[in-house]
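*Asks:*
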Amino acid sequence: MDLAFTPEEQAFREEIRAWVRSNLPEDIAHKVRNALRLTRDDMQRWAKILGKKGWLGHAWPKEFGGPGWNAVQKHLFEEECALACAPRVVPFGPVMVAPVIMTFGNAEQHKRFLPGIASGEVWWSQGYSEPGSGSDLASVKTRAERVGDKYIVNGQKTWTTLGQYGEWIFCLVRTSNEGKPQTGISFLLIDMKSPGVTVRPIKLLDGECEVNEVFFDNVEVPAENLIGEENKGWTYAKHLLSHERTNIADVNRAKRELERLKRIAKQEGVWEDQRLRDEIAKLEVDVVALEMLVLRVLSAEKSGKNPLDIAGLLKIRGSEIQQRYAELMMLAAGPFSLPFIEEAMEAGWQGDFPGGMAANAPLAATYFNMRKTTIYGGSNEVQRNIVAQTVLG
Numbered sequence: 001m002d003l004a005f006t007p008e009e010q011a012f013r014e015e016i017r018a019w020v021r022s023n024l025p026e027d028i029a030h031k032v033r034n035a036l037r038l039t040r041d042d043m044q045r046w047a048k049i050l051g052k053k054g055w056l057g058h059a060w061p062k063e064f065g066g067p068g069w070n071a072v073q074k075h076l077f078e079e080e081c082a083l084a085c086a087p088r089v090v091p092f093g094p095v096m097v098a099p100v101i102m103t104f105g106n107a108e109q110h111k112r113f114l115p116g117i118a119s120g121e122v123w124w125s126q127g128y129s130e131p132g133s134g135s136d137l138a139s140v141k142t143r144a145e146r147v148g149d150k151y152i153v154n155g156q157k158t159w160t161t162l163g164q165y166g167e168w169i170f171c172l173v174r175t176s177n178e179g180k181p182q183t184g185i186s187f188l189l190i191d192m193k194s195p196g197v198t199v200r201p202i203k204l205l206d207g208e209c210e211v212n213e214v215f216f217d218n219v220e221v222p223a224e225n226l227i228g229e230e231n232k233g234w235t236y237a238k239h240l241l242s243h244e245r246t247n248i249a250d251v252n253r254a255k256r257e258l259e260r261l262k263r264i265a266k267q268e269g270v271w272e273d274q275r276l277r278d279e280i281a282k283l284e285v286d287v288v289a290l291e292m293l294v295l296r297v298l299s300a301e302k303s304g305k306n307p308l309d310i311a312g313l314l315k316i317r318g319s320e321i322q323q324r325y326a327e328l329m330m331l332a333a334g335p336f337s338l339p340f341i342e343e344a345m346e347a348g349w350q351g352d353f354p355g356g357m358a359a360n361a362p363l364a365a366t367y368f369n370m371r372k373t374t375i376y377g378g379s380n381e382v383q384r385n386i387v388a389q390t391v392l393g
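Read in order, the letters of the sequence shown are residues 1 to 393 in UniProt numbering.
(1) Could you tell me the boundaries of the alpha helix (DSSP H) in which I375 lies?
(2) Take the Cβ of V72 as the centre, count every other Cβ of all protein chains shown within 10 Å, and call the residue buried at 16 or more, exposed below.
(3) Can you find a heavy atom of the ligand NAD that lies under 7 Å from the Cβ of R33?
(4) For the alpha helix (DSSP H) holding C171, just list the boundary residues, first then last.
(5) What is the DSSP secondary structure of V387, counted as helix, strand or coil?
(6) Only counting the same chain, and skipping five residues up and downstream in sequence, which positions put a Cβ closer than 7 Å to that of L298?
(7) Around the C-beta of H30, are 16 or more other C-beta atoms found within 10 angstroms, so that it is buried, or is it exposed?
(8) In whole angstroms, what is the alpha-carbon distance linking F336 and E268?
(9) Do V122 and E167 have their CB atoms nearer than 8 Å?
(10) Are G184 and F104 touching if we call contact CB-CB under 8 Å?
(11) Is it right to say D41 is buried, meaning 16 or more other beta carbons lie within 10 angstroms of its own, or is it exposed?
(12) Among L226, M96, T390 and A265, which has the Cα closest to the Cα of E277?
(13) With DSSP collapsed to three states, give me the class of H360.
(14) State the Cα-Cα distance for the pair P354 and A35, rounded to the nearest angstrom.
(15) With a CB to CB cut of under 6 Å and the five nearest residues on each side skipped, what residues in its chain are close to V32?
(16) Buried or exposed for L392, going by 16 or more other Cβ atoms inside 10 Å?
(17) By a C-beta neighbour count over all protein chains shown, 10 Å radius and 16 as the cutoff for buried, is T39 buried or exposed?
(18) When the Cα of V153 is compared with those of T161, K180 and D191, which residue comes out closest?
(19) Can you round the beta-carbon distance between T161 and E213 to whole angstroms, since I take them to be within the 8 Å contact cut?
(20) For the candidate residues G66, K141, T374 and L258, whose alpha-carbon lies nearest to that of P181?
(21) Can you check whether the CB of A118 is closer than 8 Å to the CB of G68?
(22) Excluding five sequence neighbours on each side, which residues of the same chain lie with their C-beta closer than 6 Å to the C-beta of L293?
(23) Residues in the same chain with beta-carbon distance under 8 Å from V100, minus the five sequence neighbours each way, listed in chain order, please.
(24) From this set, Q126, L205, Y376 and L290, which residue's C-alpha is nearest V199's C-alpha?
(25) Nearest to P362 by alpha carbon, out of Y165, I49, G196 and D206?
(26) Applying the 10 Å Cβ sphere with the 16-neighbour rule, what's the burial state of E145?
(27) Rounded to a whole number of angstroms, what is the C-alpha to C-alpha distance between G51 and R275?
(28) Can you check the stretch 187 to 233 for any beta strand (DSSP E) of at least 3 residues that lies completely inside it and give the ranges in chain order?
(29) Out of curiosity, what's the CA-to-CA distance linking Q164 and E208?
(30) Spatial neighbours of T366 within its chain, please: C-beta separation below 6 Å, excluding the five flanking residues on both sides.
(31) Return yes when the Cβ of F216 is within less than 8 Å of the Cβ of G233, no when it is not.
(32) Keeping to the same chain, check which residues put their C-beta closer than 7 Å to that of I16; ignore five residues upstream and five downstream.
(33) Excluding sequence positions up to five away, which residues of its chain have a Cβ less than 6 Å from the Cβ of F113?
(34) Nearest CA to the CA of L83: which residue from R143, A18, E108 and S135?
(35) By alpha-carbon positions, which one of E14, M370, R21 and V285 ends up nearest to L204?
(36) Between which two residues does the alpha helix (DSSP H) carrying Q182 extend?
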C-alpha cells in the first residue's frame, strides 16, 4: 500500500488548486467558509462553471464526456474543491444517477440524459425513501403499472433532498409483488413537471426546507424512461448506493471544517482550554484515520486490485465525524452559539449579545442539521450489521 502522492499527482493537485481558486466566485466561497445558506442559484452557478470546464462529471470516463481521471486524481480534485470552500456538488445527477444510466441505460438514454447532467443545466432528485421504507429500502410501495407504452405511477417518496428544485427524479418503484421484495423493484426516471407530481417541503429543526415529500397521483411515465430491465432495479439501486455512501463520508469537507473549528476556538478565546484541545485532537486523529481509509481504497484501485468493500464503513465514520465537529463548534462558542435566529443564516447577524461574533450565527443550525447524518443513506445501526456480514464475515 503506497499512500504517498507521486510528483505527477502533486503537479495535478497544483493545477486543480489554481483553476478552482481562479474560477470559484468569492461570494459563494464566503458562504461556504462561514456555513451561511446557499441558494439554488449559488449551487447551480458553481455546477455550471464546473460543467463548462467538463469537470462536473469529474468521475466520468472519457467515453461519456468526462475527464477520465483515475481514482487518485478524482480524490485530489474533490479535496482541492473542499479546501477552497467550494460548495459540494449536488450529487443526485452527476454522482448517483449518471453512473446508473451509463452502466445500465441504453444508447438513446445516454444521449438524452447525460448532456444535461454534465452541464449542470438539469437538476435531479432522488426518489428512494418512503414512509416506512428508509433503511429497509426493499419494502418500497410506490407502484408503477405498465399500461401499453407507459407506466402509471402512484405513491409517495419522502426525505427528498432539495426536491423543491428538482426537474427530474429517479425513483425505485414496485412493478411486481412476486417473490422476494427485492425482485419486484424497477428503476424509473420521471419528469417532475408531469401532471400528478406534487412536492411538499418539510421544515427541519434548523429552519430549512432541505427535504420534501413527493406525491405521485396517476403520473404517466413513458416506458422508455425505464432503466435496464423491469424488476431489476434493486441491482441498479445497490450500484448507486455504493456511490452515495462513499460520497457521504466526505472526508475533504471534514478536513475543512476541522480548521474552521480551530478558528472558532481561537476567536472565542478557548483554544488554550485543555479539555477542548483534547477533544479537537481526538477528532483530528479520526479525520486522519478516515482519510487513510479512503486512501487505502484509492491505492487498491490504482494498483488494479479490487477496492475494499467498505462503503458502509466510510458512511458510518464520516457521518459520526460530521456530528462531532458540529457539536465541538457549539461548545467552543459556548452561550453565544445558543441563539438560533433563522435570518442570521443569510445576514451573518447573531443579535445583540455582548462578545458574540457573526461566525457563531450558523452554529446551532449546523448542529441541528447534522443530527440527520447517521440516519440518511442507510442508518448507521443497519450499516454496522451490513459491515459485520459482508466485511467481517
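Where a beta carbon is used, it is the ideal one built from N, C-alpha and C, also for glycine.
*Replies:* Taking the structure as given:
(1) For this step, residue 375 is matched to residue 375 along the sequence shown. Looking at the DSSP string, I375 is not in any alpha helix (DSSP H), and its letter there is neither H nor E.
(2) Looking up residue 72 in the sequence shown gives position 72. With 16 or more Cβ atoms within 10 Å of its Cβ, V72 is classed as buried.
(3) Among the components of this structure there are no ligands whatsoever, and the ligand NAD is therefore not found.
(4) Position 171 of the sequence shown, counting from 1, holds the residue named residue 171. Per DSSP, C171 belongs to no alpha helix (DSSP H); it is in the beta strand (DSSP E), W168 to R174.
(5) Here residue 387 refers to the residue found at position 387 of the sequence shown. When DSSP states are grouped into helix, strand and coil, V387 belongs to the helix group.
(6) Within the sequence shown, numbered from 1, the residue matching residue 298 stands at position 298. Apart from sequence neighbours up to five positions away, the residues of its chain that approach L298 with a beta-carbon distance below 7 Å are A71, V72 and H75, ordered along the chain.
(7) Within the sequence shown, numbered from 1, the residue matching residue 30 stands at position 30. Of the other Cβ atoms in all chains shown, fewer than 16 fall within 10 Å of the Cβ of H30; this residue is therefore exposed.
(8) In the sequence shown, the residue the question calls residue 336 occupies position 336. In the sequence shown, the residue the question calls residue 268 occupies position 268. Approximately 9 Å between the Cα atoms of the pair.
(9) Translated into the one-based positions of the sequence shown, residue 122 becomes position 122. Translated into the one-based positions of the sequence shown, residue 167 becomes position 167. Yes, they are a contact pair.
(10) Within the sequence shown, numbered from 1, the residue matching residue 184 stands at position 184. Within the sequence shown, numbered from 1, the residue matching residue 104 stands at position 104. For G184 and F104, no; Cβs fall outside 8 Å.
(11) Residue mapping note: residue 41 aligns to position 41 of the sequence shown, counting from 1. Counting C-beta atoms within 10 angstroms of its own C-beta, D41 has fewer than 16 neighbours from the protein chains shown and is therefore classed as exposed.
(12) Taking the first residue of the sequence shown as position 1, residue 277 is located at position 277. At residue 277 the sequence reads Arg, which differs from the Glu that was named. When the alpha-carbon of R277 is set against those of L226, M96, T390 and A265, the nearest one is in A265.
(13) Position 360 of the sequence shown, counted from the first residue, corresponds to residue 360. The sequence as given places Asn at residue 360; His does not occur at that position. Looking at N360 - three-state DSSP - the assignment turns out to be helix.
(14) Reading the sequence shown from its first residue, position 354 is the one you call residue 354. Reading the sequence shown from its first residue, position 35 is the one you call residue 35. Confidence in P354 is poor, its pLDDT being 49 and thus under 50, which makes the residue's placement unreliable; the coordinate value appears in the next sentence. In a straight line, the C-alpha of P354 is about 22 Å away from that of A35.
(15) As a position in the sequence shown, residue 32 is number 32, starting the count at 1. Spatial neighbours of V32 in its own chain (CB-CB distance under 6 Å, excluding positions within 5 residues in sequence) are listed in chain order as C85 and P87.
(16) On the sequence shown, position 392 is the one that residue 392 refers to. Counting Cβ neighbours within 10 Å, L392 comes out exposed, since fewer than 16 surround it.
(17) Position 39 of the sequence shown, counted from the start, is the residue given in the question as residue 39. Burial call: exposed.
(18) Here the question's residue 153 lines up with position 153 in the sequence shown. Minimum Cα distance to V153 is reached at D191.
(19) For the purposes of this step, residue 161 is taken as the residue at position 161 of the sequence shown. For the purposes of this step, residue 213 is taken as the residue at position 213 of the sequence shown. E213 and T161 do not touch by the CB rule: their CB atoms are close to 12 Å apart, not below 8 Å.
(20) Stepping through the sequence shown from its first residue, residue 181 is reached at position 181. Among G66, K141, T374 and L258, the Cα nearest to that of P181 belongs to K141.
(21) On the sequence shown, position 68 is the one that residue 68 refers to. On the sequence shown, position 118 is the one that residue 118 refers to. G68 is not a Cβ neighbour of A118, given a cutoff of 8 Å.
(22) In the sequence shown, the residue the question calls residue 293 occupies position 293. Excluding sequence positions up to five before and after L293, its CB lies less than 6 Å from no other CB in the same chain.
(23) For the purposes of this step, residue 100 is taken as residue 100 along the sequence shown, with counting starting at 1. Counting only residues of its own chain and dropping the five nearest sequence neighbours on each side, V100 has a CB closer than 8 Å to the CB of F170, F187, I227, Y236, H239 and L240.
(24) Counted from its first residue, the sequence shown places residue 199 at position 199. Checking every option, the nearest Cα to that of V199 belongs to Q126.
(25) Taking the sequence shown and counting its residues from 1, one reaches residue 362 at position 362. Comparing Cα-Cα distances from P362 to each of Y165, I49, G196 and D206, the minimum goes to D206.
(26) Along the sequence shown, read from residue 1 onward, the residue named residue 145 stands at position 145. E145 is exposed by the Cβ-count criterion.
(27) As a working note, residue 51 is residue 51 in the sequence shown. As a working note, residue 275 is residue 275 in the sequence shown. Using only the alpha carbons, I get a separation of about 45 Å.
(28) Counting whole runs of 3 or more residues, the stretch 187 to 233 contains the beta strand (DSSP E) stretches 197 to 202 and 211 to 222.
(29) In the sequence shown, residue 164 corresponds to position 164, counting from 1. In the sequence shown, residue 208 corresponds to position 208, counting from 1. Rounded to whole angstroms, the separation of the alpha carbons of E208 and Q164 is 12 Å.
(30) Residue 366 sits at position 366 when you count from the first residue of the sequence shown. Excluding residues within five positions, the ones whose Cβ falls inside 6 Å are A35 and A326.
(31) Here residue 233 corresponds to residue number 233 of the sequence shown, with the count starting at 1. Here residue 216 corresponds to residue number 216 of the sequence shown, with the count starting at 1. Taking 8 Å as the Cβ cut-off, G233 and F216 do not qualify as a contacting pair.
(32) Taking the sequence shown and counting its residues from 1, one reaches residue 16 at position 16. Within the same chain, I16 has close Cβ partners L76, F77 and E80.
(33) As a position in the sequence shown, residue 113 is number 113, starting the count at 1. If we look at F113 and ignore the five residues flanking it on each side, its Cβ neighbours are I101.
(34) As a first step, residue 83 is located in the sequence shown; it is residue number 83 there, counting from the start. The shortest Cα separation from L83 among R143, A18, E108 and S135 belongs to A18.
(35) Numbered from 1 along the sequence shown, position 204 holds the residue referred to as residue 204. Of the listed residues, the one whose Cα sits closest to L204 is M370.
(36) Along the sequence shown, read from residue 1 onward, the residue named residue 182 stands at position 182. Q182 -> no alpha helix (DSSP H), and no H or E assigned at all.
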